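Residues in the sequence shown are numbered from 1304 upward in steps of one, following the numbering used here.
Don't be surprised by glycine CBs; every beta carbon is placed ideally from N, CA and C.
This structure is a prediction, so every number in the text was calculated from the model and none was measured.
Following: one structure in structure tokens, then a few remarks.
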Amino acid sequence: MAYLASKKFVHRDLAARNCMVDNKCRIKVSDFGLSRVFANERDYYRAQSTIELPLKWMAPESIKFNYYNEKTDVWSFAITCWEVFSRAVIPYPTVEAQNILTYLDSGKRLSKPTHCPDEIYEMMNACWSEKGEDRPTFNEIKPVFEAILGRAHVPERQKNRYSEPPKAYNKAKAVGRSNTEKPSSTSLYEKNHHQGSLDPQNGFRSVDRRDRPRPKERTLR
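Structure follows, in structure tokens:
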């Protein structure tokens, strides 16, 4: 994101769903359908269209005025971090999308996820400052995260494994999701869950998806 900002690009749709992970666990930002480049040396972009936008990931000034710049992407970046540490919970699970602006204008923000380090949540809150000028730039965020990751220790046995989110997060009632956010059918977790190894440090089941049997191919007649 620091690179995109340096090239005067604004993504406008930064979210966990648009972050891909390669086989070396490197994150690649994708889906540039809403991205724009600043014209005429301006440092912002003002949208003119009325297309549907991801309100729960947007900064207040984007919702109010269709105004976008690096600092609005910074807001979305912090929402994306919250998604990661909450293990794929929809942001603001008890708030309807049309009520997000009222919620934010009241000074409320997303609460700290259970597994989120304090210093990362502190940075997230800085990214959610009401005024864009009070938020850090990506160049300021980058060294903070690099320092945190440099101190992190990942056990060798966990490096090539994937983990399922806690089962409760897949049930609408458990997180108080609105009717518009309820799963359309039985959750993928309930369909595909099988016993994995319990991680005593994090309290969730670690599952290697590669161990799962491949589905049988069906021949169309």
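Close beta carbons around residue i, own chain, < 8 Å, minus the five adjacent residues each side
i	result
TYR1395	LYS1359, ILE1403, TYR1406 and LEU1413
LYS1331	CYS1322, MET1323, VAL1324 and ASP1325
SER1333	ASN1321, CYS1322 and MET1323
ASP1408	PRO1363
ASN1482	Residue placement at ASN1482 is flagged as unreliable, the pLDDT there being 40, under the threshold of 50; the coordinate-derived value follows with that caveat. Excluding positions up to five away in sequence, the list is empty.
Sequence-distant residues of its chain with Cβ nearer than 6 Å to residue i (five each side left out)
i	result
VAL1398	TYR1406
CYS1419	PHE1388
SER1432	ARG1438
LEU1377	Per the sequence shown, residue 1377 should be read as Val rather than Leu. Closer than 6 Å at Cβ, skipping near neighbours: CYS1430 and ARG1438.
SER1365	TYR1371 and THR1375
Cβ neighbours of residue i in the same chain (closer than 7 Å, five flanking residues each side left out)
i	result
ASN1428	ARG1412
ALA1381	MET1427, CYS1430 and TRP1431
LEU1307	HIS1314
is_contact[residue i, chain C] using C-beta, thresh 9 Å
i	result
THR1405	Although the question refers to chain C, the structure presented lacks it and comprises just one protein chain.
Residue i versus residue j: straight-line alpha-carbon distance, rounded
i	j	result
LYS1415	MET1361	19 Å
PRO1363	SER1309	23 Å
PHE1368	THR1375	12 Å
GLY1435	ILE1393	24 Å
VAL1447	GLY1410	25 Å
HIS1456	GLU1355	41 Å
LYS1445	GLN1401	32 Å
PHE1441	GLU1386	18 Å
LYS1327	THR1417	26 Å
GLY1453	LEU1317	24 Å
GLU1449	ARG1329	14 Å
One or two residues paired with residue i in a DSSP bridge
i	result
CYS1322	VAL1332
Closest by C-alpha distance to residue i, when choosing among the options
i	options	result
ILE1451	TYR1424, GLU1436 and THR1440	TYR1424
ASP1421	PHE1380, GLU1355, CYS1328 and CYS1384	CYS1384
ARG1315	THR1440, SER1379, GLU1449 and THR1417	SER1379
PRO1357	ALA1319, THR1417 and SER1409	ALA1319
PHE1312	GLU1373, SER1333 and LYS1327	GLU1373
THR1304	ARG1454, GLU1443 and GLY1453	Note on identity: in this sequence residue 1304 is Met, with Thr being the wrong assignment. That would be GLU1443, whose Cα lies nearest to the Cα of MET1304.
- Task: Note down, one range per segment and in chain order, each beta strand (DSSP E) of at least 3 residues found wholly within the region 1393–1465.
- Result: none
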